[in-house]
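Mind the numbering: the sequence shown is residues 501 to 643 in this note's numbering, read in order.
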Amino acid sequence: MHISVQVVVFEFENFQGCKAEFSSECKHVTEKGLEKVGSLIVDSGPWVGYDRHGFTGEQFVLEKGEYPRWDTWTNSQRSFSLLSLRPLKVVSDAFQDSAEHKLHLYESPGFTGRKMEIVDDDVPSLWGHGFQDRVASVKALKG
Numbered sequence: 501m502h503i504s505v506q507v508v509v510f511e512f513e514n515f516q517g518c519k520a521e522f523s524s525e526c527k528h529v530t531e532k533g534l535e536k537v538g539s540l541i542v543d544s545g546p547w548v549g550y551d552r553h554g555f556t557g558e559q560f561v562l563e564k565g566e567y568p569r570w571d572t573w574t575n576s577q578r579s580f581s582l583l584s585l586r587p588l589k590v591v592s593d594a595f596q597d598s599a600e601h602k603l604h605l606y607e608s609p610g611f612t613g614r615k616m617e618i619v620d621d622d623v624p625s626l627w628g629h630g631f632q633d634r635v636a637s638v639k640a641l642k643g
């Protein structure tokens, strides 16, 4: 049985050094013999990468393509590592086409701090709604 490779991660920038291939989630890239991830190629996706082991920390959505350096998958100056990853589950087309959604955004981790509710609307700017430039936790209640 042939397992299709969906993500190839490399220890160093520009697809150099040791590499590991993934077709399912990985809680700890270090278990695959890598000290870190310096670059990666997503053959099919999307995937979610995390800057900590065990699917924790800052998240990065990785679409199909090449990521030769850490700053190609994040613009964060606080986080430049990727230590766990998993496929992003996409819901069925019928559910996805629904315009109804409800989200609660929180300024602090653990669903604490100021809360902003978004219902059936696009929000191109958090500042425009009196919210800070970062969201630390999110609850998707609908959609």
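Yeah, the Cβ is synthetic: ideal placement off N, Cα and C, and Gly gets one too.
Between the options, which has its C-alpha nearest residue i's C-alpha?
i: Leu-540; options: Glu-521, Val-638, Gly-557, Asp-551; result: Glu-521
i: Gly-557; options: Leu-585, Ile-618, Tyr-567; result: Leu-585
i: Ser-637; options: Val-548, Gln-559, Gln-506, Glu-563; result: Gln-559
i: Leu-562; options: Gln-506, Arg-552, Gly-533; result: Gln-506
i: Asp-620; options: Thr-612, Gly-610, Ala-640; result: Ala-640
i: Ser-523; options: Phe-515, Leu-588, Ser-625; result: Leu-588
Output the distance between the C-alpha atoms of residue i and residue j, rounded to the nearest integer angstrom.
i: Phe-631; j: Trp-570; result: 28 Å
i: Tyr-606; j: Glu-535; result: 33 Å
i: Lys-519; j: Glu-566; result: 14 Å
i: His-528; j: Ser-608; result: 26 Å
i: Asp-622; j: Arg-634; result: 16 Å
Give every residue of the same chain whose Cβ lies closer than 6 Å to the Cβ of residue i, excluding the five residues on either side of it in the sequence, and list them in chain order.
i: Lys-615; result: His-604, Tyr-606
i: Ile-618; result: Leu-603
Under 7 Å Cβ to Cβ from residue i, same chain only, skipping five residues before and after it: list those, please.
i: His-502; result: Residue confidence is low: His-502 scores 47 on pLDDT, short of 50, so the model does not pin down where it sits. No coordinate-derived value is stated.
Can you name, in chain order, every residue of its own chain whose Cβ lies under 8 Å from the Cβ of residue i, other than the five neighbours on each side?
i: Lys-564; result: Val-542, Asp-543, Ser-544, Gly-545, Pro-546
i: Trp-698; result: Outside the displayed span of the chain (501 to 643) sits residue 698, for which this structure offers no information.
i: Lys-642; result: Glu-600, His-601, Lys-602
i: Gly-613; result: Tyr-606, Glu-607, Ala-636
i: Phe-512; result: Gly-538, Ser-539
Would you please state the rounded distance, in angstroms, between the beta carbons of residue i and residue j? I believe it to be under 8 Å.
i: Gly-538; j: Gly-554; result: Their Cβ separation, rounded to whole angstroms, is 21 Å, which puts Gly-538 and Gly-554 out of contact at 8 Å.
> Can you list, in chain order, the stretches of the beta strand (DSSP E) that have 3 or more residues and sit fully within the segment 543-624?
Replying inline: 547-552, 556-562, 565-567, 584-587, 602-608, 612-619
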